[in-house]
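A.B. asks:
Residue numbers (my numbering): 7 to 746.
Put into structure tokens, the structure is as follows:
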């Protein structure tokens, strides 16, 4: 008896494993099919993630980060953007995000390519689908229900629209299902609850490391609400459950410290500030909820998860298990409306974090997950009522009443389903309604035939997967994609390659036409004063954003300016390529210079005003927080010899004939340390955004190095969090073994 029971249990276990493997294989094929034009050659036209923040910010930054990793360096300081930039401290860089580390260390050889970053995005979609499948499986106890919910989440309207070109949002969002799953088990009486606390902490830490702070904030509130609903109310269960939840929070916070601590110090010197209510309150319109059913129009401004999943979600609302998701998803939908409801005014004033971010429609990802969860619950009930035996009539009914109508709808949608760069009326309303009606009819017939025992379980599941995939594939076929390679103009690329070959320490600048846009120069290893990032060093941003372009070029040691225009006095043409010309500054400054004449400023704003009024920037410097230099009649003579000038380190010798201030054209930040003759000295903000070092008369050895504040403590915190998670996981697994 015992052997037979054991064998039967083993067979059931293998059967369940096979069903899970089949469901995940379907999910993987659906994701690869959805993104096939991005990834694979074929009869279709090659697509690229359209020119957006993906190409303008994240690809250049990730390529720089990968290159630094490949050379065995932490990507602490980026010398190419804004004249210099604390790259690691930018949370959206995701330097310590696990998928980032894997791609940048193992795959990006010799240089990260655009397609490799696209592959990283697609891998994220599949991971997000797997995490959602596991969450929905625990909720519904149904493999096909969990699969349908995972498809609705992974290929649905929100996740495949705005997050696709916004890589940090995508890579942050996908962890929420795993966090909620682990929290649910942590709060339960399952023998796995201690191990689940470790998993919840690691997943939460990865969510933070992925790099989008607003999404982390919203996900944190959603997790808190979910935990509050799921918290056991039985006597003797609440305190242990809360203890495990606190343990998970400690692990998550410790792991997140690797990024949070450096970012915290960066934000203190950055352009990030408290937003006004008007700036923070943007969100969806009430009319955008029409996107629940209508597949056409601007796809990213909808909650569209496909018609069949929406029907299943509606059927699930009578189940008690649906109410937590209705509550969380409904609140998130109201938050996504921003200032169009009174709720956001309360959140703005009372809830931490809501006054720091704009674009409240990003809260829609919580609603999208809730809708997918409801779809999984509803689908599990529908499929549970299907008959077991399959007959030929099942295929005929499914083909005529389900497959053909949904295929016609998909043909009407493709490729007009998504129009991200035009108006909502790009797809005529009549055609939009016809398409929605066809999808609704086919979905309704599928549900009706299944619950009335006209379709077998196998046919019903296969038809449901087909309808959902073709519906979402057709609706989002062109979303955030383009047949045009998002590459720099050939003439600009040629100019940057030529500049890269020139010797010396210098930067490249733009004229008013902005020929070098965004972070293009970073791709060619050319240091420049331009850049594109949502967060900047405040001093650099104020100086570089001023209108006195020639003065700024001088202060930032710009040697070459790239322009489509003809430049006049102060510039000398040195190269022309197509419609792009390269000019050299006639009156440029070296990367560092000494002055014996300084003028004091009491604040950054006063320093900026005086800096922009300079007529001879190499002869007079505007300094904050330093005593005036002693007055001498001997003229200043400066000699220098730089032995190193890399991204985060400068070294050399400087001799001055009188006491002087050495001005170094590096962006001022408290992370820079300076040594003169081996002794640590104070640095001063000079000319608003540069570094100043006070020198006595004579010859000196100079060394400057950038140390990211908070990094060492962050690494210790992260290491401690990882160690704690391993210990808790081991304890949890041993506990399971002891309990059998």
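All C-beta atoms, glycine included, are put in the ideal place defined by N, C-alpha and C.
#1: To the nearest angstrom, how far is the alpha carbon of residue 266 from that of residue 217?
#2: Got a sec, what are the start and stop residues for the beta strand (DSSP E) residue 606 sits in?
#3: In three-state DSSP terms, what is residue 428?
#4: By the 10 Å Cβ neighbour count, where 16 or more other Cβ atoms means buried, how is residue 438 classified, buried or exposed?
#5: Out of curiosity, what's the CA-to-CA distance linking residue 290 and residue 398?
#6: Using the three-state DSSP reduction, which class does residue 564 fall into: helix, strand or coil?
#7: Going by DSSP, what residue range makes up the alpha helix (DSSP H) through residue 371?
#8: Compare the C-beta of residue 396 with all C-beta atoms of chain D and state if any pair is closer than 8 Å.
#9: Taking the continuous alpha helix (DSSP H) assigned at residue 207, which residues delimit it?
#10: Applying the criterion that 16 or more other CB atoms from any shown protein chain within 10 Å of the CB defines a buried residue, is residue 733 buried or exposed?
#11: Are three or more beta carbon pairs between the stretch 538–552 and the stretch 105–124 nearer than 8 Å?
#12: Going by beta carbon distance, what residues of the same chain come within less than 6 Å of residue 106, once the five residues before and after it are set aside?
#13: Got a sec? Which residues, its chain only, sit under 7 Å from residue 22 by beta carbon, not counting five neighbours each side?
#14: Check this for me: beta carbons of residue 534 and residue 515, under 8 Å apart or not?
#15: In the structure shown, what three-state DSSP assignment does residue 295 receive?
#16: Is residue 733 helix, strand or coil when you go by DSSP?
#17: Which word fits residue 1, buried or exposed, when buried means at least 16 other C-beta atoms lie within 10 angstroms of its C-beta?
#18: Would you kindly check if the distance between the Cβ of residue 463 and the Cβ of residue 392 is under 8 Å?
#19: Could you compute how far the alpha carbon of residue 703 sits from the alpha carbon of residue 612?
#20: Can you have a look at residue 121 and say buried or exposed, based on whether 16 or more other CB atoms are within 10 angstroms of its CB?
#21: With 16 other CB atoms within 10 Å as the buried threshold, where does residue 747 fall?
#22: Can you tell me where the alpha helix (DSSP H) with residue 1 in it begins and where it stops?
#23: If I'm right that residue 66 touches residue 529 with Cβ under 8 Å, what's the distance once you round it to whole angstroms?
#24: What residue range is occupied by the uninterrupted beta strand (DSSP E) comprising residue 649?
#25: Do residue 167 and residue 486 come within 8 Å of each other at the CB atom, strictly closer than that value?
#26: At what residue ranges does the stretch 262–331 contain a whole run of the alpha helix (DSSP H), taking only runs of 4 or more?
#27: Taking residue 124 as part of the alpha helix (DSSP H), name the residues at either end of that continuous run.
#28: Which same chain residues, not among the five before or five after residue 190, have their C-beta less than 7 Å away from its C-beta?
#29: The beta strand (DSSP E) that contains residue 680, what's its start and end?
#30: Considering only the beta carbon of each residue, do residue 747 and residue 590 sit closer than 8 Å?
#31: To the nearest angstrom, how far is the alpha carbon of residue 605 from that of residue 619?
#32: In angstroms with no decimal places, state the Cα-to-Cα distance between residue 450 and residue 475.
#33: Does the distance between the C-beta of residue 140 and the nearest non-hydrogen atom of the ligand PLP fall short of 7 Å?
#34: Which word fits residue 823, buried or exposed, when buried means at least 16 other C-beta atoms lie within 10 angstroms of its C-beta?
#35: Rounded C-beta distance between residue 263 and residue 724? I'm assuming under 8 Å.
#36: Quick one, are the C-beta atoms of residue 131 and residue 156 less than 8 Å apart?
C.D. replies: In this structure, then:
#1: For the purposes of this step, residue 266 is identified with residue 260 of the chain shown, where counting begins at 1. For the purposes of this step, residue 217 is identified with residue 211 of the chain shown, where counting begins at 1. Rounded to whole angstroms, residue 266 to residue 217 spans 9 Å at the Cα level.
#2: The residue you call residue 606 lines up with position 600 of the chain shown. Note, residue 606: beta strand (DSSP E), 604–607.
#3: Counted from its first residue, the chain shown places residue 428 at position 422. Note that residue 428 scores a pLDDT of 47, beneath 50, so its modelled location is shaky; the value from the coordinates is reported in the next line. Three-state DSSP puts residue 428 in coil, outside helix and strand.
#4: Mapped onto the chain shown, residue 438 falls at position 432. Residue 438 sits buried, since 16 or more C-beta atoms from the chains shown fall within 10 Å of its C-beta.
#5: Counting from one through the chain shown, the residue named residue 290 turns up at place 284. Counting from one through the chain shown, the residue named residue 398 turns up at place 392. Each residue's CA atom was taken as its position, placing residue 290 and residue 398 some 47 Å apart.
#6: Here residue 564 corresponds to residue number 558 of the chain shown, with the count starting at 1. Residue 564: strand per DSSP, three-state reduction.
#7: Here residue 371 corresponds to residue number 365 of the chain shown, with the count starting at 1. First-last of the alpha helix (DSSP H) with residue 371: 370–390.
#8: No chain D is present in this structure, which holds just one protein chain.
#9: Your numbering for residue 207 matches position 201 in the chain shown. Counting along the chain, residue 207 sits inside the alpha helix (DSSP H) bounded by residues 199–215.
#10: If you number the chain shown from 1, residue 733 lands on position 727. Burial call: exposed.
#11: With a cut-off of 8 Å, the stretch 105–124 and the stretch 538–552 do not count as touching, because too few Cβ pairs lie within range.
#12: Numbered from its first residue, the chain shown carries residue 106 at position 100. Within the same chain, residue 106 has close Cβ partners 100.
#13: Locating residue 22 in the chain shown gives position 16, where the first residue counts as 1. So no residue of the chain qualifies.
#14: Stepping through the chain shown from its first residue, residue 534 is reached at position 528. Stepping through the chain shown from its first residue, residue 515 is reached at position 509. Result yes, Cβ atoms of residue 534 and residue 515 sit closer than 8 Å.
#15: Here the question's residue 295 lines up with position 289 in the chain shown. It is helical.
#16: For this step, residue 733 is matched to residue 727 along the chain shown. Residue state, collapsed to three classes: helix.
#17: Here the chain comprises residues numbered 7 to 746, so residue 1 is not present and cannot be evaluated.
#18: Residue numbering aside, residue 392 sits at position 386 when the chain shown is read from its first letter. Residue numbering aside, residue 463 sits at position 457 when the chain shown is read from its first letter. The answer is yes: Cβ separation under 8 Å.
#19: Counting from 1 along the chain shown, the entry for residue 703 is found at position 697. Counting from 1 along the chain shown, the entry for residue 612 is found at position 606. Roughly 29 Å between the two C-alpha positions.
#20: Here residue 121 refers to the residue found at position 115 when the chain shown is read from its first residue. Exposed, since its Cβ has fewer than 16 Cβ neighbours within 10 Å.
#21: There is no way to answer for residue 747, as the model of the chain reaches only from 7 to 746.
#22: Any question about residue 1 goes unanswered here, given that the chain covers just 7 to 746.
#23: If you number the chain shown from 1, residue 66 lands on position 60. If you number the chain shown from 1, residue 529 lands on position 523. With 8 Å as the limit, residue 66 and residue 529 qualify as a contact, their Cβ atoms being about 5 Å apart.
#24: Locating residue 649 in the chain shown gives position 643, counting from the first residue. The continuous beta strand (DSSP E) containing residue 649 extends over residues 644–651.
#25: By 1-based counting over the chain shown, the position of residue 486 is 480. By 1-based counting over the chain shown, the position of residue 167 is 161. Yes; because the gap between Cβ atoms is below 8 Å, this pair is in contact.
#26: Counting only runs that start and end inside the stretch 262–331, the alpha helix (DSSP H) elements of at least 4 residues fall at 283–286, 313–322.
#27: As a working mapping, residue 124 is identified with position 118 in the chain shown. In the DSSP assignment, residue 124 falls within the unbroken alpha helix (DSSP H) covering 120–146.
#28: On the chain shown, residue 190 is found 184 positions in, with the first residue counted as 1. Excluding the 5 residues flanking it on each side, residue 190 has same chain C-beta neighbours closer than 7 Å at 144, 236, in chain order.
#29: As a working mapping, residue 680 is identified with position 674 in the chain shown. First-last of the beta strand (DSSP E) with residue 680: 678–682.
#30: The question about residue 747 has no answer, for the chain in this structure spans 7 to 746.
#31: Position 599 of the chain shown holds residue 605. Position 613 of the chain shown holds residue 619. Spanning the two alpha carbons is a distance of roughly 12 Å.
#32: Looking up residue 450 in the chain shown gives position 444. Looking up residue 475 in the chain shown gives position 469. One C-alpha to the other measures close to 16 Å.
#33: Because no ligand of any kind appears in the structure shown, any question about the ligand PLP cannot be addressed here.
#34: With the chain running from 7 to 746 in the structure shown, residue 823 is simply not present.
#35: Numbered from 1 along the chain shown, position 257 holds the residue referred to as residue 263. Numbered from 1 along the chain shown, position 718 holds the residue referred to as residue 724. The pair is a contact, with the Cβ atoms about 6 Å apart (cut-off 8 Å).
#36: The sequence position of residue 131 within the chain shown is 125, counting from 1. The sequence position of residue 156 within the chain shown is 150, counting from 1. Not in contact: residue 131 and residue 156 (Cβ atoms no closer than 8 Å).
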